[in-house]
Structure formats: structure tokens, C-alpha cells
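Just so we're on the same page, this note's numbering is the position in the sequence shown counted from 1, plus 6. The structure appears right after this line, and notes come after that.
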Amino acid sequence: MEKYDYSELGLKAGLEIHQQLDSKEKLFCRCPTLIRDVKDSDFEFFRYLRATESEMGEKDRAAVEQTKIRRKYIYKAYDTTCLIENDEEPPRELNKEALDISLGIAKLFNMKPVDQMHVMRKIVVDGSNTSGFQRTAFLASDGFIETSQGHCGIDSLCVEEEAAQKVEEIGDSIIYSLDRLGIPLVEIATAPDIKSPRQAREVAEQIGMFLRSTGKVKRGLGTIRQDVNISIAEGARVEIKGVQALDLIEDIVRREVERQLNLLFIRQELMERKAFVCEEIYDITGLFVDTKSKVLQKGVKKGAVLAALLRKFDGMVGKEVQPGRRLGTEFSDRAKTAGVGGIFHTDELPNYGITEKEVKTVRDAIGASAGDAVIMVADEPEKARLAIEAVIQRAKEAIEGIPEETRKALPDGNTSYMRPLPGAARMYPETDVPQIEISQEYFDSIEVPELLTERAKRFVSENGLNIELAEKIAYSRHLPLFEELIEIYKKDENVNSTLIARTLVGIVPEIRRNGVETENLTDEHFKGLFAAISNQEIAKEAIQDLLAALAKEPELNAPEAISNLGLSAFDPEEVENFIKKTVRERGDFIKEKGPAALGPLMGIVMKEYRGTVDGKILSQMLKKELDSFINQG
Numbered sequence: 007m008e009k010y011d012y013s014e015l016g017l018k019a020g021l022e023i024h025q026q027l028d029s030k031e032k033l034f035c036r037c038p039t040l041i042r043d044v045k046d047s048d049f050e051f052f053r054y055l056r057a058t059e060s061e062m063g064e065k066d067r068a069a070v071e072q073t074k075i076r077r078k079y080i081y082k083a084y085d086t087t088c089l090i091e092n093d094e095e096p097p098r099e100l101n102k103e104a105l106d107i108s109l110g111i112a113k114l115f116n117m118k119p120v121d122q123m124h125v126m127r128k129i130v131v132d133g134s135n136t137s138g139f140q141r142t143a144f145l146a147s148d149g150f151i152e153t154s155q156g157h158c159g160i161d162s163l164c165v166e167e168e169a170a171q172k173v174e175e176i177g178d179s180i181i182y183s184l185d186r187l188g189i190p191l192v193e194i195a196t197a198p199d200i201k202s203p204r205q206a207r208e209v210a211e212q213i214g215m216f217l218r219s220t221g222k223v224k225r226g227l228g229t230i231r232q233d234v235n236i237s238i239a240e241g242a243r244v245e246i247k248g249v250q251a252l253d254l255i256e257d258i259v260r261r262e263v264e265r266q267l268n269l270l271f272i273r274q275e276l277m278e279r280k281a282f283v284c285e286e287i288y289d290i291t292g293l294f295v296d297t298k299s300k301v302l303q304k305g306v307k308k309g310a311v312l313a314a315l316l317r318k319f320d321g322m323v324g325k326e327v328q329p330g331r332r333l334g335t336e337f338s339d340r341a342k343t344a345g346v347g348g349i350f351h352t353d354e355l356p357n358y359g360i361t362e363k364e365v366k367t368v369r370d371a372i373g374a375s376a377g378d379a380v381i382m383v384a385d386e387p388e389k390a391r392l393a394i395e396a397v398i399q400r401a402k403e404a405i406e407g408i409p410e411e412t413r414k415a416l417p418d419g420n421t422s423y424m425r426p427l428p429g430a431a432r433m434y435p436e437t438d439v440p441q442i443e444i445s446q447e448y449f450d451s452i453e454v455p456e457l458l459t460e461r462a463k464r465f466v467s468e469n470g471l472n473i474e475l476a477e478k479i480a481y482s483r484h485l486p487l488f489e490e491l492i493e494i495y496k497k498d499e500n501v502n503s504t505l506i507a508r509t510l511v512g513i514v515p516e517i518r519r520n521g522v523e524t525e526n527l528t529d530e531h532f533k534g535l536f537a538a539i540s541n542q543e544i545a546k547e548a549i550q551d552l553l554a555a556l557a558k559e560p561e562l563n564a565p566e567a568i569s570n571l572g573l574s575a576f577d578p579e580e581v582e583n584f585i586k587k588t589v590r591e592r593g594d595f596i597k598e599k600g601p602a603a604l605g606p607l608m609g610i611v612m613k614e615y616r617g618t619v620d621g622k623i624l625s626q627m628l629k630k631e632l633d634s635f636i637n638q639g
């Protein structure tokens, strides 16, 4: 049961899906779309980024906030990256393969493409782009999908270049890897038609299925990201970025609704109290010269302990807004944008080695009354000043309502502040890339991919798979290999579609759970495996052992691994002699059990020939010999 009536609250939500495309080359250069190990980097350089003005002479508010602290951005380059990623050479024309894939996706969503596509620059100064902007191009609009809770519009589809991957932060320096920068991706934005957490997940799942249906998108962690835009009737639009797992989407929506409701309650309480925020910043460093608090000792040593006075905020800073997160946590998030570690507030003091006497001294020094709250920050003077100013601004917003902002998804379903929502000032034309004509003839020439749901139904009707197995293989990363193999073995007596599917989506996950490194297995390994079964070089029972051996030594091919395991083509005469001997030696048992002796005897024979001879063949040979023995008796 849901905790809230979302229709009554006026919930509106929309998704932005970012999906990397599996093209051979990057969007604006000819470098391969390979992800590299950082240790392979053979070159690095650094940049300092600043917020630039738009064509109208305005600076984007999100970009301005991100450049409050002067950060050094260090970039790791490779022999598979080039001067374009370094921002030392102009971009080339937009990748035609990526455009074709994107138009195919647009068709799946019933979208209308633009007549002429123009590339834009989107200001991003968090270091994830060496140039200080991301290139993006609006391609299509006015699409839709149908869900169990109604129609959901697909407002836009953009083709973009992927950002660089953050490696680590060291002080005020951030290290990025350039291997990911420039990989083509599509950004798909829905209309704000989502009315419940469950519908949000359904829409995300359906969009993901459409994208995978193309067979031309990258798979794996980090290749697809969901951003969620959420608001309620009396709240504000908040963008939550980086929802990696589908399982989290419902919790993200629920907890953002909860956060906004709690912030509205806090606002009402503050307004009734006639609370207000003092503009003055108090330097209270001298009060803590002899403090025993280790965290404040560090602050004093760095240079400053500053305070802000929030009139009639007492008890509200510690008020919970999400599980385990309070209004004070929201203040702390803002302070951290200035590079400090966090804040202290009187709703949680005495604590952290700060005594009750020290709290009283601070209150007296800045004139705080019993109903007031005090916020403190300890760090280098400039960082502390920027941090306390950010807290003062956030405290004012607590009285006004809910701020529009961009937040980061946390693993537990909560969110934390990242930056203000960007505005129109972040976009301006890219003059280095020519526009692209999208004619009706060109759009019509793009093939519409078969949906995975339809493909699963086809596997049932044409290949005899049961529906569960058909759906598993249709959604598997092994789908292209499966389709190739069923075409090769469509008339084979020893290899059928069910065996292929069960191997790829049944046996492989099973041996992975047992510790086998199945990521080492290649398509060629599987092709060699099924060729050996087809030629009766090994039995089906040997599949697990052979895959485990290939995963352990991936440099081997299937015949080499078969030889190492001692699995080879069986001698029918040898097997027949073994079965006859087994039957003779257990004559008394057979006379007692009759045909029921087949099962126990089969266990003996299988133990001898498992992996070498197909169980079906062994069963037929044993039954023939057993019937002969019984009839003679």
C-alpha cells in the first residue's frame, strides 16, 4: 500500500534517460568507443574552468555556483583518445552511424524528427568536459508510449556526447578519464505525465526495453542512467540525477514527495513563528582557541570558525525531511559546495567534543535567544565564508518554500543537493559542426527494430522455447549470439534452440554464482562448444565443465579445452561392452527389480561417461541391453 495519495498531492514526474550507443566511433572524432583501465593512460594534462556568458550576456546560475571554488581538473588520456577529447582540435562532423541509430530509436517512440539538426553547446563546468561544455543536438519530438496507468508522452530525443568518467578527488583536484568522453548517447525526456512511483518504474522499464530492442546500445554498469524530475502541487520541480538501478526509481519518487511534504511543514511552522535569518556573519574563532573539540581545533588551525544566526529556528534544523536526513543535512549539503566538510548546529549540540558551556558562550556572543538556532562552520577563511553564505541562503529558502534544484540519487533512495537547476543561459550554438538535413526520404529509410517483447513471442512460435526462456534470452546480452546460433543449428539433431538458450541464460548464470569468471567467455568459446556437441565430440553433460575450463583459461579454444579435460569422441563398441559388463555383474539385482533397475544402472553408466556420451544415447543403449537380459532370463 502506498503511503500517500499521489493524485491528491498533485504529483508530476518525468524521466530523462541517457543511453550510450554502441557505435564503433565517438560522436565527433574517429576514436573507438573503448573503456580503458586508468593504469593504461600514457598522457595527462590539467585545466581550470570558468563559467562563460551566453549569447545574451548571461551566466548560468548552476555554472556560477560550480566555479565558486577554484578546482584543478586532471585528465587521463590514452592511445585511443585524440586532440578532440583534449579540446585542442575542432570536432569533426557528427557520427553518421550514431545518427542512424538515434533515428531508429525515434521511430520506436513514434517521434517526429526535425528537418534540420543543429548542434548546441551546453555549459558544464564540473570538469566532466575538457571544453567546459557538452555538445548536444535536438533530433526528434512528439512521441509517446502506453503504460498500464495511461499514456506517457516522449517530449524530446537529443543526440549527445558522453562526459568524462570521474576517477577520484584529491583535495581541490579532480581526476577524470577521457576514454568515455565523446561516446555517443541519446537523451530521451518524457512529458511530466507520470503520476505514481510505480508508473515511473514502468516507464523506465519500457524505455529501456525499446532501447535494447535496437541491439545497438551499450550494456553494463554506467551505460544507462535515469534522471527523475519530480514536483507536487505546492512544491517545486526538482531534478534527481544518476539513478542507476531501476529498483531505486520508486523509492526515489516516494522519498522526494516525503521530503517536499516535510519541507512544506517546516515552512508553515517557521512562518507561524515569524522566523527570519540574520544577514550578518559572525567570526567566533577566538571563542575556540582553547577548545578540546578536535574538529574545531582543526578549524581554528585553518583560520576561521564562523557562525550564522537563525531567529526562531530552534528545533527545526534537526527536523527530519527524509529517513536519516534533516533540514540541517540540507544546510550541510549547501555548505559542502564551498569545499568544507560540513556544519555544526545547535539542534545537535553539545556534541563532537563541543561542550554545553561553549554553546552558551557562542549564543551569548552573537545574541541568540532561547528559540534561535546557530549554525557554525570551521575551515579556511574563504571556504568558511562561502559555506556560511550558502547556509544563510538555504535557510531563507526554508521560509520561502522548496527550492528548485538538481539533486544526486543516493544508494538508499534518499537524495542530496548538487547545484541549482540550470536555466536557458547554459545553451548556445556550436559553430564548429555543420547542421545536418533530415529529409523524409532519409527518415523513411531507417528500419524500425523489432521489439524484444515481439522477439520473445517469435522465439516461442518459431523456435519452440517456453515463454519464460524466450523472455530471458530476448532480454539477455547474449541475444545476438543466440540468433546467430539458432540459424546455424536450425536443422541439427544434437543442438536445438532450447539447449542454446538454457546454456546462455541458465548454465552461464549458474556457474557464475559458483565463482566462475564468465565475463572471460567469448562468442567464439560458445560457438566452439556447440560445434563440439553437434559433432558428438562431447555430450551435453560436459557443458558446465567445458565453460568453466574456458573461463579459467580464455586463451584456449574449445577443442584445446576438450583435450585438456580428457573429453573426446566415444567409442560405441567400448561403451556397449561396459554396459554389457555392468548388466551381467548385477544380474541378481535386475532379476529382483526388472525394468525398474534402469534408473540405478543409469547412474553407474553416467558416472563413467558423463561429459563424453550424451545421456540420451546412454539411456537408449542401456535400455536395449537391459530388455535383452530380462527377456533371456
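All C-beta atoms, glycine included, are put in the ideal place defined by N, C-alpha and C. These numbers were taken from a predicted model, which means no experiment stands behind them.
9 Å Cβ cutoff met for residue i and residue j
i      : j      : result
Gly20  : Pro203 : no
Ile129 : Gly138 : yes
Lys30  : Glu94  : no
Leu269 : Ala384 : no
Pro119 : Ala143 : no
Asn135 : Ala112 : no
Ala1   : Ala537 : The structure shown has nothing for residue 1, since the chain only spans 7 to 639.
Arg273 : Ile405 : yes
Cys164 : Val131 : no
Val581 : Phe635 : no
Val223 : Leu293 : no
Lys691 : Val522 : As displayed, the chain neither begins before 7 nor continues past 639, which places residue 691 out of reach and without an answer.
Leu573 : Ala548 : yes
Gly16  : Ala206 : no
From the options, residue whose alpha carbon lies closest to that of residue i
i      : options                           : result
Ile176 : Gly345, Ala379 and Gln25          : Gly345
Ile444 : Leu114, Arg141, Ile75 and Gln122  : Gln122
Leu315 : Ala384, Asp257, Ile398 and Val249 : Ile398
Val641 : Leu254, Lys558, Val581 and Arg261 : The chain is shown only over 7 to 639; residue 641 falls outside these bounds and no answer can be derived.
Phe115 : Tyr84, Asp43, Ile160 and Asn563   : Ile160
Gln125 : Thr153, Glu166, Thr136 and Lys113 : The residue asked about is misnamed: residue 125 is Val in this sequence, not Gln. Among Thr153, Glu166, Thr136 and Lys113, the Cα nearest to that of Val125 belongs to Glu166.
Arg519 : Phe536, Ser503, Ile492 and Gln550 : Gln550
Ser4   : Glu174, Glu208 and Lys118         : The shown model of the chain, from 7 to 639, leaves out residue 4, and the question about it has no answer.
Ile657 : Ala415, Phe52 and Met277          : Because residue 657 is not part of the residues shown, which for the chain are 7 to 639, the question remains open.
Ala83  : Val173, Gly110 and Ile75          : Val173
Ile90  : Gly188, Val581 and Ile494         : Gly188
Glu326 : Arg340, Gly348 and Asp353         : Asp353
Leu627 : Leu604, Asn637 and Gln638         : Position check: residue 627 holds Met in this sequence, whereas Leu was assumed. Among Leu604, Asn637 and Gln638, the Cα nearest to that of Met627 belongs to Leu604.
Residue i, buried or exposed, once every other Cβ within 10 Å from all chains shown has been counted against 16
i      : result
Met7   : exposed
Arg425 : buried
Gly330 : exposed
Gly534 : buried
Gly419 : buried
Ile596 : buried
Asp185 : buried
Gln266 : buried
Phe337 : buried
Gly63  : exposed
Gly334 : buried
Pro190 : buried
Asn469 : buried
Ile75  : exposed
Thr220 : buried
Pro97  : buried
Phe3   : This structure leaves residue 3 out entirely; the chain is present only between 7 and 639.
Phe216 : buried
Proximity test, Cβ basis, 9 Å: residue i and chain D
i      : result
Gly359 : Going by chain labels, chain D is absent from the structure shown, which holds only one protein chain.
TODO: Flag this pair as touching only if the stretch 505-518 and the stretch 470-488 have three or more C-beta atom pairs under 8 Å; answer yes or no.
DONE: yes
Open item on the list: Under 8 Å, with one C-beta from each stretch per pair, do the stretch 221-238 and the stretch 282-297 reach the 3-pair mark?
Closed with: no
Task: 3 or more residues per run - each beta strand (DSSP E) lying fully within the stretch 156-217 - done: 156-167, 171-176, 179-183 and 190-196
TODO: Tell me, please, whether the stretch 177-184 touches the stretch 434-442 by the rule of three or more beta-carbon pairs shorter than 8 Å.
DONE: no
Task: Stretch pair the stretch 366-380 + the stretch 318-335: three plus CB contacts closer than 8 Å - done: yes
Open item on the list: Counting beta carbon pairs with one atom in the stretch 531-546 and one in the stretch 482-501, are three or more of them shorter than 8 Å?
Closed with: yes
Open item on the list: Under 8 Å, with one C-beta from each stretch per pair, do the stretch 41-57 and the stretch 211-221 reach the 3-pair mark?
Closed with: no
Task: Start-end ranges of the alpha helix (DSSP H) lying completely within the stretch 458-503, minimum 4 residues - done: 458-469, 473-480 and 485-494
- [ ] Answer yes if the stretch 290-300 comes into contact with the stretch 357-369, meaning at least three C-beta pairs across the two stretches below 8 Å, and no otherwise.
- [x] yes
- [ ] Determine contact between the stretch 469-478 and the stretch 217-233, defined as no fewer than three beta-carbon pairs at a distance below 8 Å.
- [x] no
- [ ] Kindly provide the ranges of any beta strand (DSSP E) runs that are 3 or more residues long and lie completely inside the stretch 330-354, ordered along the chain.
- [x] none
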